Structures are given as C-alpha cells and as structure tokens.
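Novice: Questions regarding the structure given below will be posed in turn.
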Amino acid sequence: MKRIFSGVQPTGNLHLGNYLGAIRNFVRLQNDYECIFCVVDMHAITVWQDPKQLVLNTREVAASYLAAGVDPKRHIIFNQSQVSAHAELGWIFNCVSRIGWLNRMTQFKDKAGKNKEKVSTGLYVYPNLMAADILAYKATHVPVGEDQKQHLELTRDIALKFNNDFKVDLFPVPEPLIMGAATRVMSLRDGSKKMSKSDPSDYSRITMMDDADTVAKKIRKATSDPHLIPGIEVLGENGSLPDEIRKERPEAFNLLSIYAALQDQELKDVLGEFEGKGFAEFKQSLTDLAVEKLGPMGAEMKRLMDDQSYVDGILKEGAGRAAALAEPVMREVYDAVGFLRS
Ligand code: TYM
561 MKRIFSGVQP TGNLHLGNYL GAIRNFVRLQ NDYECIFCVV DMHAITVWQD
611 PKQLVLNTRE VAASYLAAGV DPKRHIIFNQ SQVSAHAELG WIFNCVSRIG
661 WLNRMTQFKD KAGKNKEKVS TGLYVYPNLM AADILAYKAT HVPVGEDQKQ
711 HLELTRDIAL KFNNDFKVDL FPVPEPLIMG AATRVMSLRD GSKKMSKSDP
761 SDYSRITMMD DADTVAKKIR KATSDPHLIP GIEVLGENGS LPDEIRKERP
811 EAFNLLSIYA ALQDQELKDV LGEFEGKGFA EFKQSLTDLA VEKLGPMGAE
861 MKRLMDDQSY VDGILKEGAG RAAALAEPVM REVYDAVGFL RS
C-alpha cells in the first residue's frame, strides 16, 4: 500500500515556496496514493504563537489545501493536536532518537542561531515529532520541499532503529518525494536565503493570498540582475542547472525557476522562450502568470476562511479518520515497547 503523509506549519504567511514545493504536489499525488494532509499546530508552538492567531492560521493552512484542490472526501485533512497519537509516538521517539542525530540538524542550528540556550526544548526535538507524524500512519511517501530532506533522513533512521531495537518489522522506511521545478524557492530580495514565512520583509515572499496589485509590486521590486536571460546552453546534459551557474546568478534563476514551476514547464523551455530578453520584460510575463495561477486560489482561500464551520468540520472529521488509522499502529507500538495495557 502506498500512503502519503505531509504537513505544513500554521505560522501564517503561506507563500509560493510552500505552494510550489509542497501543496501543489499534494494535489497531483492524490490520484495515485491514499493521502493524509496535516496542519501541524504542535510543531508551530515550538516557537511562540499567539493563541488566537494560531487558530486562524490553522484554518488558513486547511483552506490552502482545499483551495489548491485536495479532495477532503477521498483524503484526510486534519490538524495534528486533534489526534493524540502524534504526541504519544513523539515521546517514544524521543527515547529512540539520539542527541547526536539531533545535533546535526541544520534547521535547528539556523532557527536557534546564537541563542541555543534560550530556545524551547520542543524546537530541539521537533524532528522526532515529525517522524511520529509520518510513522503513526506507516506512511510510505512524504512530499516536501528540499529543506525537509534532512528531517526525513532522520525519520528513516528512527524507523530503522525502532525496528532494530525492538526486533520488529513495524515501520516502513518512508521515501521523500521532492518534485517539480521549484523545490527550493528563494527569497525575492536575497537569492541566498530561502523564501520563508518568518522573513521580516513582506517583499521577500509572494503569499498565497496576495492580490494582483501586491503580486505585481513584489515582482517589480524583486532583485534580478542587469544581464540578459541566457539560452539553454547553460544547462547540464540532463537539462538541470549546474550549481556553479545558479550561484553566479541566484536571483535570476530563482525567478526563472518560479516561472517554470508555475507554468509547469522545465527550465529549458523557459530559457528557450525568453533567451536574450531582459528582466524588465520577463518580470511582466511572470506577473501575469503568477496572477493567473494564484489569483483564483487566493480568492477561494479567503472565502473558505470566512466559512469557519465548514473548515472546522473538515478538520474534525479528518481527525476522526486519522485517529482510527493510527490506533492499531499505536497498539502494535505499545506491544513492541512493552507497555502494559489493561
Ligand atoms: P513548513 O511549514 O516550513 O513548510 C511546508 C512545506 O513547504 C515546503 N517549503 C518550501 N518549498 C520550496 N521552497 C521553499 N522556500 C519552501 N519553504 C517551505 C517545505 O519543505 C514543506 O514541505 N517540518 C515541516 C512540517 C512537517 C512535516 C511533517 C512535513 C511536520 N511534520 C511530516 C512532512 C511530514 C515544516 O516545517 O514545513
């Protein structure tokens, strides 16, 4: 059985990276897999969240799944805190995972920065909870953006160590699915940083709910460069962009990759179309495309976010279905670990 699990944190400012790197792929995969899409509110509180805003942001992520086209009748959409298996298995994985493994997590190092003593312990064990999310359902495939690759490797290590420690064949070793032309969308202001929900500058990201004027303004102000768009000869043999070329013009190739992903083309097609043109002209085409693709979805998200009872109903119903899937897995886990159930 092929089962997908993936999640997005409800920390506001859902952006083009979340859409192109993850949410759009959820929609594509739903015809071939049984899917569980989670709003990971327990992960969100590893850094401070205003409680009222967390509720709204949880609905925002659910609305983004629905507006992008995930079918809640065929698949499960729910928020993590409504299914207790996540916390329960997360604790067990805290006892399976090793401190040395967590010390290698680059996302923790980036988020904690120089302030390692002051961040929450939750932020540190965050990847163990992520492993619990996936493995509580014995999910086999996990669609994510490139930045989650290391966390998924840890999930695989935890699955293997659990099976090995307890001499069971309980957990599958899940595969990441990192798909499309924009698996790592960069900031519009600085091509060396990834586009993120927490960047203080609104101009660094296009959000899923930006209106046409805002999208146009952000793309106009996006950093590019004075050179013309190159032809396909810059690409490697398999059509991919060599790292050294991307590093020379990170902002230019970020915008070109965003165009390719939105248009569902490969980078070579975009270079073929725009070779020899300047960024002023290209940015106009990118704006038109972004508005065409994001506009209707953003409007639908806004409509859904006003329809609280509908969205909350989907999450509740999804949580019931998710809990029913996790329950037998947790029973197996408790038996394996030796927890007495009376
Ligand atoms: P989060 O909320 O940071 O991001 C949600 C999804 O969006 C992808 N993403 C990007 N893709 C391309 N370019 C970017 N600039 C970009 N920024 C974000 C992320 O890779 C992710 O797929 N730890 C996860 C949430 C999580 C999870 C899980 C995911 C918790 N449990 C279990 C999969 C399975 C996170 O922080 O995603």
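Residue numbers (my numbering): 561 to 902.
C-beta atoms are modelled at their ideal positions from N, C-alpha and C, and glycine is treated no differently.
What you are looking at is a predicted structure, and each value in this text was computed from that prediction instead of being measured.
Kindly list the residues whose CB is nearer than 7 Å to the CB of V630, restricted to its own chain and excluding five residues on each side of it in sequence; keep chain order.
Specialist: Here residue 630 refers to the residue found at position 70 when the sequence shown is read from its first residue. Taken in chain order, the residues that qualify are F586, V587, Q590, F597, I637.
Novice: Just to check, is the beta-carbon of I818 closer than 7 Å to a non-hydrogen atom of ligand 1?
Specialist: Here residue 818 is taken as the residue at index 258 of the sequence shown, counted from 1. No - ligand 1 has no heavy atom lying nearer than 7 Å to the Cβ of I818.
Novice: Taking only beta-carbon atoms, is A719 less than 8 Å away from chain D?
Specialist: Going by chain labels, chain D is absent from the structure shown, which holds only one protein chain.
Novice: To the nearest angstrom, report how far apart D750 and E811 are at their CA atoms.
Specialist: Sequence index remark: in the sequence shown, residue 750 carries index 190 (1-based). Sequence index remark: in the sequence shown, residue 811 carries index 251 (1-based). Rounded to the nearest angstrom, the two C-alpha atoms are 7 Å apart.
Novice: Would you check if the segment 671-689 and the segment 650-660 touch, i.e. whether three or more CB-CB distances between them fall below 8 Å?
Specialist: yes
Novice: Below 7 Å CB to CB, which residues in the same chain sit around V729 once its five sequence neighbours on both sides are set aside?
Specialist: Position 169 of the sequence shown, counting from 1, holds the residue named residue 729. The displayed chain sequence assigns Asp, not Val, to residue 729. By the criterion of a C-beta distance shorter than 7 Å, D729 is surrounded in its chain by N723, once the five residues flanking it on both sides are discounted.
Novice: My assumption, with CB atoms under 8 Å, is that A691 sits in contact with L714. Please give the rounded CB distance.
Specialist: In the sequence shown, counting from the first residue as 1, residue 691 sits at position 131. In the sequence shown, counting from the first residue as 1, residue 714 sits at position 154. Confirmed, about 6 Å.
Novice: Residues in the same chain with beta-carbon distance under 7 Å from K853, minus the five sequence neighbours each way, listed in chain order, please.
Specialist: Start at 1 with the first residue of the sequence shown, and residue 853 comes out as number 293. Around K853: L822.
Novice: At the level of alpha carbons, what is the spacing between Y819 and Y593?
Specialist: Looking up residue 819 in the sequence shown gives position 259. Looking up residue 593 in the sequence shown gives position 33. Straight-line Cα distance between these residues: approximately 27 Å.
Novice: Looking at the strands, I want to know which residues DSSP matches up with K754.
Specialist: Position 194 of the sequence shown, counted from the start, is the residue given in the question as residue 754. M746.
Novice: Identify every residue that forms a DSSP beta bridge with G567.
Specialist: What you label residue 567 is simply residue 7 of the sequence shown in a count that begins at 1. Paired residue(s): C598.
Novice: Please classify P760: is it buried, with 16 or more other beta-carbons within 10 angstroms of its beta-carbon, or exposed?
Specialist: Against the sequence shown, residue 760 aligns to sequence position 200. Burial call: exposed.
Novice: Does the beta-carbon of D694, which I'm using as the reference point, lie nearer than 7 Å to any heavy atom of ligand 1?
Specialist: Residue 694 sits at position 134 when you count from the first residue of the sequence shown. Checking the displayed sequence, the identity of residue 694 turns out to be Ile instead of Asp. Checking the Cβ of I694 against ligand 1 gives yes.
Novice: Among the residues of its own chain, which have a CB less than 6 Å from the CB of Q708, if the five just before and after it don't count?
Specialist: Taking the sequence shown and counting its residues from 1, one reaches residue 708 at position 148. Excluding sequence neighbours, Q708 sits near nothing in its chain.
Novice: For ligand 1, is there a heavy atom less than 7 Å away from the beta-carbon of G578?
Specialist: Numbered from its first residue, the sequence shown carries residue 578 at position 18. Note that residue 578 corresponds to Asn in the displayed sequence, not to Gly. Shortest gap from the CB of N578 to any heavy atom of ligand 1: under 7 Å.
Novice: Shorter than 7 Å, the distance from the beta carbon of D707 to the closest heavy atom of ligand 1, or not?
Specialist: Mapped onto the sequence shown, residue 707 falls at position 147. Between ligand 1 and D707, a heavy atom-to-CB distance of less than 7 Å is present.
Novice: How do the segment 635-651 and the segment 596-611 stand: do at least 3 beta-carbon pairs fall below 8 Å, yes or no?
Specialist: yes
Novice: Is any heavy atom of ligand 1 found at a distance shorter than 7 Å from the C-beta of A582?
Specialist: Within the sequence shown, residue 582 is the residue found at index 22, counting from 1. Yes, Cβ of A582 sits closer than 7 Å to a heavy atom of ligand 1.
Novice: Where are the beta strand (DSSP E) runs, 3 residues long or more, that stay fully inside the segment 619-679, in chain order?
Specialist: 636-639
Novice: Give the DSSP-derived three-state secondary structure of V587 in the structure shown.
Specialist: The count along the sequence shown starts at 1 and reaches residue 587 at position 27. Three-state DSSP puts V587 in a helix.
Novice: Among V704, D770, K828, whose alpha-carbon lies nearest the alpha-carbon of G572?
Specialist: One-based indexing of the sequence shown puts residue 572 at position 12. When only C-alpha atoms are compared, the closest one is D770.
Novice: By Cβ distance, which residues of its chain are closer than 8 Å to S752, with the 5 residues on each side in sequence left out?
Specialist: Translated into positions along the sequence shown, residue 752 becomes position 192. Cβ neighbours of S752 beyond the five flanking positions: M746, P810.
Novice: If you reduce the DSSP assignment to three classes, tell me which class L827 lands in.
Specialist: As a working note, residue 827 is residue 267 in the sequence shown. Of the three classes helix, strand and coil, the one that applies to L827 here is helix, per DSSP.
Novice: I believe V871 touches A623 by the beta-carbon criterion, under 8 Å. Please report the beta-carbon distance rounded to the nearest angstrom.
Specialist: As a working note, residue 871 is residue 311 in the sequence shown. As a working note, residue 623 is residue 63 in the sequence shown. With a Cβ gap of about 6 Å, V871 and A623 count as contacting.
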